[in-house]
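*Asks:* Protein chains in written order, with my numbering: chain A, 1 to 225; chain B, 1001 to 1225; chain C, 2001 to 2225; chain D, 3001 to 3225; chain E, 4001 to 4225; chain F, 5001 to 5225; chain G, 6001 to 6225; chain H, 7001 to 7225.
There are 8 protein chains.
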Amino acid sequence: MKYEDLGFCKVDYDREERTGYPEIIYGEGKSADHIKQIMAKLLEKHGKALATRVSAEKAEFLIEAFPHGVYHPDSNIFRIGQTETSLNGKLLIVSAGTSDLPVAEEVQLTAEWMGCDTETIQDVGVAGLDRLLSHKEQLQTASVLVVVAGMEGALPSVIGGLVKRPVIAVPTSVGYGAHLQGLTPLLSMLTSCASGVSVVNIDNGFGAASQASLILKLANEGADT
Amino acid sequence: MKYEDLGFCKVDYDREERTGYPEIIYGEGKSADHIKQIMAKLLEKHGKALATRVSAEKAEFLIEAFPHGVYHPDSNIFRIGQTETSLNGKLLIVSAGTSDLPVAEEVQLTAEWMGCDTETIQDVGVAGLDRLLSHKEQLQTASVLVVVAGMEGALPSVIGGLVKRPVIAVPTSVGYGAHLQGLTPLLSMLTSCASGVSVVNIDNGFGAASQASLILKLANEGADT
Amino acid sequence: MKYEDLGFCKVDYDREERTGYPEIIYGEGKSADHIKQIMAKLLEKHGKALATRVSAEKAEFLIEAFPHGVYHPDSNIFRIGQTETSLNGKLLIVSAGTSDLPVAEEVQLTAEWMGCDTETIQDVGVAGLDRLLSHKEQLQTASVLVVVAGMEGALPSVIGGLVKRPVIAVPTSVGYGAHLQGLTPLLSMLTSCASGVSVVNIDNGFGAASQASLILKLANEGADT
Amino acid sequence: MKYEDLGFCKVDYDREERTGYPEIIYGEGKSADHIKQIMAKLLEKHGKALATRVSAEKAEFLIEAFPHGVYHPDSNIFRIGQTETSLNGKLLIVSAGTSDLPVAEEVQLTAEWMGCDTETIQDVGVAGLDRLLSHKEQLQTASVLVVVAGMEGALPSVIGGLVKRPVIAVPTSVGYGAHLQGLTPLLSMLTSCASGVSVVNIDNGFGAASQASLILKLANEGADT
Amino acid sequence: MKYEDLGFCKVDYDREERTGYPEIIYGEGKSADHIKQIMAKLLEKHGKALATRVSAEKAEFLIEAFPHGVYHPDSNIFRIGQTETSLNGKLLIVSAGTSDLPVAEEVQLTAEWMGCDTETIQDVGVAGLDRLLSHKEQLQTASVLVVVAGMEGALPSVIGGLVKRPVIAVPTSVGYGAHLQGLTPLLSMLTSCASGVSVVNIDNGFGAASQASLILKLANEGADT
Amino acid sequence: MKYEDLGFCKVDYDREERTGYPEIIYGEGKSADHIKQIMAKLLEKHGKALATRVSAEKAEFLIEAFPHGVYHPDSNIFRIGQTETSLNGKLLIVSAGTSDLPVAEEVQLTAEWMGCDTETIQDVGVAGLDRLLSHKEQLQTASVLVVVAGMEGALPSVIGGLVKRPVIAVPTSVGYGAHLQGLTPLLSMLTSCASGVSVVNIDNGFGAASQASLILKLANEGADT
Amino acid sequence: MKYEDLGFCKVDYDREERTGYPEIIYGEGKSADHIKQIMAKLLEKHGKALATRVSAEKAEFLIEAFPHGVYHPDSNIFRIGQTETSLNGKLLIVSAGTSDLPVAEEVQLTAEWMGCDTETIQDVGVAGLDRLLSHKEQLQTASVLVVVAGMEGALPSVIGGLVKRPVIAVPTSVGYGAHLQGLTPLLSMLTSCASGVSVVNIDNGFGAASQASLILKLANEGADT
Amino acid sequence: MKYEDLGFCKVDYDREERTGYPEIIYGEGKSADHIKQIMAKLLEKHGKALATRVSAEKAEFLIEAFPHGVYHPDSNIFRIGQTETSLNGKLLIVSAGTSDLPVAEEVQLTAEWMGCDTETIQDVGVAGLDRLLSHKEQLQTASVLVVVAGMEGALPSVIGGLVKRPVIAVPTSVGYGAHLQGLTPLLSMLTSCASGVSVVNIDNGFGAASQASLILKLANEGADT
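1) Helix, strand or coil for Ser5188/F? Go by DSSP, reduced to three states.
2) Using DSSP's beta-bridge definition, name the partner residues of Val148/A.
3) What does a CB cutoff of less than 7 Å around Lys3217/D pick up in its chain, not counting 5 residues either side in sequence?
4) Using only CA atoms, which one of Glu5028/F, Ala5059/F, Gly5047/F lies nearest to Arg5053/F?
5) On a Cα-Cα basis, can you pick out the residue from Val167/A, Val163/A, Lys136/A, Tyr26/A that is closest to Ala149/A?
6) Would a C-beta distance cut-off of 9 Å place Leu1187/B and His2034/C closer than the cut-off?
7) With 7 Å as the C-beta to C-beta threshold (strictly closer), list the residues of the stretch 151-182 of chain A near chain B in chain order.
8) Once you ignore the five residues that flank Ile1080/B on each side, which residues in its own chain have a CB closer than 7 Å to its CB?
9) Looking at Leu1129/B: is its Cβ nearer than 9 Å to the Cβ of Leu2133/C?
10) What is the C-beta distance between Gln4108/E and Thr4118/E, in whole angstroms, given that I count them as a contact (C-beta under 8 Å)?
11) First and last residue of the beta strand (DSSP E) that includes Glu23/A?
12) I'd like to know whether the C-beta atoms of Gly1089/B and Ala1219/B end up nearer to each other than 9 Å.
13) On the three-state DSSP scale, how would you describe Glu3137/D?
14) Please state the DSSP three-state secondary structure of Phe6008/G.
15) With Gly3160/D and Ser3192/D assumed to form a contact (beta carbons below 8 Å), what rounded beta-carbon distance in angstroms separates them?
16) Just how far apart, CA to CA, sit Asp4203/E and Val7094/H?
17) Quick one: Cα of Asp3968/E to Cα of Val6197/G, how far?
18) Assuming Gly7125/H contacts Ala7169/H under a Cβ cut-off of 8 Å, what Cβ separation, rounded to an integer in Å, is found between them?
19) Mind reading off the beta-carbon distance from Val3158/D to Val4158/E? Whole number of angstroms is fine, and I expect it under 8 Å.
20) Ordered along the chain, which non-local residues of its own chain (more than five positions away) have a Cβ less than 7 Å from that of Tyr3013/D?
21) Measuring alpha carbon to alpha carbon, tell me which of Leu4091/E, Arg4165/E, Glu4112/E ends up nearest Ile4077/E.
22) Would you report the Cα separation of Arg1015/B and Ile1038/B, rounded to the nearest angstrom?
23) Can you say whether Asp3100/D is buried or exposed, counting buried as having 16 or more other CB atoms within 10 angstroms of its CB?
24) What is the rounded straight-line gap between the Cα of Leu4092/E and the Cα of Val6174/G?
25) Locate the beta strand (DSSP E) running through Asp3117/D, then write down its first and last residues.
26) Apart from the five residues on each side of it in sequence, which residues of its chain come closer than 6 Å, Cβ to Cβ, to Leu2214/C?
27) Got a sec? Which residues, its chain only, sit under 6 Å from Ala1059/B by beta carbon, not counting five neighbours each side?
28) Find the nearest neighbour of Ala194/A within the set Leu183/A, Asn201/A, Leu155/A, judged by alpha-carbon distance.
29) Around the Cβ of Lys1136/B, are there at least 16 other Cβ atoms within 10 angstroms (buried) or fewer (exposed)?
30) At a CB-CB cut-off below 7 Å, which residues of chain F make contact with Val4103/E?
31) What residue range is occupied by the uninterrupted alpha helix (DSSP H) comprising Phe2061/C?
32) Could you check what DSSP says for Leu3087/D in three-state terms: helix, strand or coil?
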């Protein structure tokens, strides 16, 4: 059975086979009960499950149903279990400011769940280069980098110019006025003067983690010709 | 010497060491003579050089200076030499429509120059799924995929749901009206319902090729822990 | 009497004669009492009535006045009665994700009220094509299709390429960041690479149902030359 | 053979079977020679062919290759042959101003090619209602209406309130300043206060014709339950 | 004394002399106490006062301070007294839908306070032309017209084509999705195909009333050469 | 006969009766020959005619057909004759900078043609208040004011605070960068802190002249109650 | 030690040395406890501290920890101590309307904390020039001017044309509709027809104060060659 | 005489007295002859003159009239003479890429004309930090900095974090796609995480030079209290 129809949704059992990772539940706009039903099915199939954008209220309901699950209130992630064998290589998550931490945590929790080893560097915005440059070696020895930044979104350009590994940039909605709820760092990252930088949606820590995990997985499995 | 100052610009000799690939010349807004001077320096240092967004007129000037260079008028790329040892793994470049071919060619020529083996699938827009699905195996055995699409930019979402390798999406400026010179497929790719998709700027074939090459390079060199 | 002036509004009794269906009440920005007064008049004239965008509080007030009415809290529709003779042909409502269901329900409840037979397919977003393709026959035997999608809005393009009947696309406000409250799928649907697709406003399930019903009505009454 | 691969493109022979009409060539961004090659294949298969957005220069080249083709310089359409059996019902094309005529012609030529009987009403913008209302009967006896308007795009709302048949609105890029190259009428048509109106992309006469033809076809073939 | 400095603001006593009408208080973003202080000064000087955008809470506070004032909760206007001698001529306020009434009321209350005779026509949106056309004579005998509309904002274009007096268009924030909080009718009114229409800001009933009153005043005082 | 159908357009003979002024030809997007045909009809009916946005090439063609017409190359207006009896009152046209002159001329030529006496003040942008204030009396004795400004569009706000007559603001497309082809002064004029200001489309000198003429006409004919 | 790593953030002790002023805490999106920890560190190092965008709730928490701090509820600033030696020269803060006062206060409190002497002029919007011009001498004797304005943002242009000292413009989010939450005055200030005006982000009083203080500091320390 | 009226414009002789520098001619949208007339008047008054945005054709005309003038074709500046006494302090102009040079030259030529000593650093975009950091001392000893950048506009943030003098940021229109003709770096600079940065319009080298010169002038004349 490739998927199961629960009426209100179709649980995609085949996704891991097809795309490398099981379906992850996007919690926004789903009722707590719907999340629970999907999660139960995914748990049964994969032995682990993860939901993003879960509000505190929904989390309370879920924790009763799945007492071994853990809720992370900053990043609104509800997580049960994780991939057992961990991948070689280091996923480095760099964030520009203190206010970008919830998104950085979404990257970290998702990537760990997918089997990645992660490290984090926090609060190294470009207005204080010393803080960033004191981590130069750590930056240059990572296998993949996810760079999280709000405001003007300059950090991925600077880091992209320092490393020879892929950089995935995540703009955040942290800012005001001309920041346009994150559109400005999004557009700015897309026009980065550094090559080797690709971009995901505003606050999309999950998406960056997925992309980074697929890259690490490829590096572990090797590229055939 | 990490860089050389030509007055009007600073040639970044250290870039290969730092970021994995030599500096590539962005030809727009530079005079033919400036391109020539930079190219001469880069050739001397790296034995190969590549310039993007070179108009036909500028190319004529360059071909006189560098008779062994080749100009590709569809993608406006001027290329001399390329990386000798080729990387394991296959970079698959998929384009949605005939009009997206120039950008797809920019991906291909850049990636080859960086040492990648490339394959291409053309004209498989989502309005005719059969054309796409008949390439299913080719899609699923690629190491990295670059997906080029204009119009509504739906192709990366569909492909992202079919493969377990990283997908880099390139929106193109092909379209009219609500297409907004490529902003619509750009935004649409960023909100893709498929995970594992990251995005580069409109028509930025060069950027997608760089990111893809870095991924293949990592896969070839292996990820250390 | 073509319309009746209630002071704060003019009830358009002639609308059914002119446009095929009685006036439907747009509940947003009207007081519960105003909705009640208009509804009473329309009921008297047509024997059935429908109001969209009715909040739970207003619905409580209305249910007291019209105990035979039914309130649908997901889609915020308040409905009394419906067209008796049902139209030949099948209106198929397809939605991309679980979060698009409220809009899909607005389409369904409105279309039924207008005399259409409806069927629904849920949660068949393009990131899992198998789910969609397993419904291929159902898609290809529908008379008219309404396709509801948030995120990048790719579903109507894919379906438009599979069927020979008119497709009406409804973008939804489900998404975040670059999704721009639904503007992105709206624009993306308008630039669809599939022909035979037309588009209505974001979350406008009512509008899609009206258009689809008019099409079915024409098909039932036949086109004169 | 469902499609044929010409290298630079895949000609979709199956499209008529799947979507009701043969592939139509979008001429923008394709070379004259590419258009010619695709057209030859489509002609061979279907006995008729149509290309939109063909510049005068490309048309000159095509007319040599296909002397029985006709080029329409206002709407930039190159057309060879058309569907033989014509559909019952009348497709009425209404345009708001003289400057909207090229788009109206794109609708007409495409729809005729698809087998529709068309009628046109021209220059009946809402600033002179008498002109429009003198055509009231013609409006109300049409089977499907395509309404083409630039400027503020008010015409579809007015017509949508007068007829009981589906209205497809086409915004045009005719205007200046706050008209935003057609975005303003596009958005305005999408928020129309009349129900039963759906919208296609700016200047997309071809899309409106396709949708209208599918509707007429359904009306001719009847809707099964 | 041309103005008085209250510290937090400067009350502009000279405004009536200079611009035809006393200063009117914009209540948004001012504390109830600040409004009270300014209002007391203006009352003392002019014998009448008007504040717009006054919330219910602030109004409660003001009504205690000025028991002869009247608060209009739909339009959020707090009004004390009005110009005694009324102007010749009729200001006709036309609104498209029931939800536009609050803005129409802001026009009416402000214009009356400025000495205008007003009449209103309500709920005559263009989707039901009969309702509008049955008021044709009333429209054509008005001296000045203010037309209030949300949604696609088509009403001023239609009315502008029916009358020989100035039309002032007021877009409202009533709508959703592509309506963009009123930007769409604003832009649409600005590109009206009818001449003789000028436009004020979204929901700016006060501004339309001011402009209309100045026009009537000129008509009463006569234009000198 | 209220209008005459020329096939490609309907000449609206009734417009003067209905809206105060004869139809004016919008030259953009019409062929020279079409303009000629419409102009001939309007001349025959009204003894005068005016076309806006006429290119130099089209003007050459028109001048041959109508040797008594005059072409104004700065404002692209082609004008034949004008209203004989001139209206009492003064229409004052104020422009902010030298580059706004073509739009100011469009206002002037149109308003004269409609029977207005005009005066102009040029180059009085707000960065040099002395220049503006030295015209204070002239400003304050005008009957109606049209204020033309590009850049940040501040002039109408300043003038609106100095006069007691209606001000019609015309933003122009003169500027660059953040000026957004005139959108910035348009939006800025709409949010003017001065009351009594209404706005027309970018570069729409014709619209401002029409509105101003209707106001003067009302002032001449008097406002009935 | 150039910075100290608190885990969730890196306190930048070196900032004063590098950029002229100590780090200032941006309170939005930080927990009260995080603010407290950073503030304690900065106090220890610099003997003074300032946090912007501190909500009333967070302020209550902070006042307990730092009883000698002062909270300013209008501008949401929490301030402890200030620079002792005050700079020569006068920083003049001019605001257009009463609703702009909170931002003006953010400028004032920040600049004082940085050692500036400030003066303020309030409520001198351009719709009442007399109010502004009565302060002409005060304007012309200031060393640096910060001009705060919402609505159409015209005030900096007018002031920029009156003074020979640098003007820093701050758009505010005060307004509605076409004001676009401050984007309109932002864009309008950027296209100012007065030279010598530069602009900071919407509501960014802190940024304007920083720039103005750096200018005064330079003027106090003198410019070396 | 504060200004002289040339009919088409008013030459503002008083500007130097009022704002510190003589009027500068904005050449765009003015005829060569108009520029010549204004320039002659300004030369007579001030002994020097400067025009920006002068096309090559207009320059040819001007050079005949003013043989001692110099035309700079990259930055389109026509300059005659310059301020004699030069200001103490150094204005440092830093540009991110080779394509930003024309704007950097506009800054330089304008500032020199205003009496500033300038230095330039070129091609130090953030993707190669070494190039920038090797100029650290030069950056930190400048009195005022103008930073010119296209693409993502990150350079001013990085420099703002390195220096204690005012930074004026100039976004350029160099870029493509998501760069939005310079809007992206403009918005990005406005949301800079570095304080002490203010911004001027896209490509507005003249504006940045004016602001910088006023700052240097203040530093030379000293700030009075």
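Just so it is clear, CB atoms sit at the ideal spot from N, CA and C, and this is done for glycine as well.
*Replies:* Taking the structure as given:
1) helix
2) Ser95/A, Val170/A
3) Gly3020, Leu3087
4) Glu5028/F
5) Val167/A
6) no
7) Gly161, Leu162, Val163, Lys164, Arg165, Pro166, Ile168
8) Leu1043, Lys1048, Ala1049, Phe1066, His1068, Gly1069
9) yes
10) 5 Å
11) Neither: Glu23/A is in no beta strand (DSSP E) and is coded neither H nor E.
12) yes
13) helix
14) coil
15) 6 Å
16) 46 Å
17) As shown, chain E starts at 4001 and ends at 4225. That puts residue 3968/E outside it, with no answer to give.
18) Gly7125/H to Ala7169/H, Cβ: 14 Å. No contact.
19) 7 Å
20) Met3001, Lys3002, Tyr3003, Glu3004, Lys3045
21) Glu4112/E
22) 14 Å
23) buried
24) 31 Å
25) 3117-3121
26) Gly2020
27) Tyr1071, Phe1078
28) Leu155/A
29) exposed
30) The contacting residues do not exist; Val4103/E stays about 15 Å from chain F at best.
31) 2056-2065
32) coil
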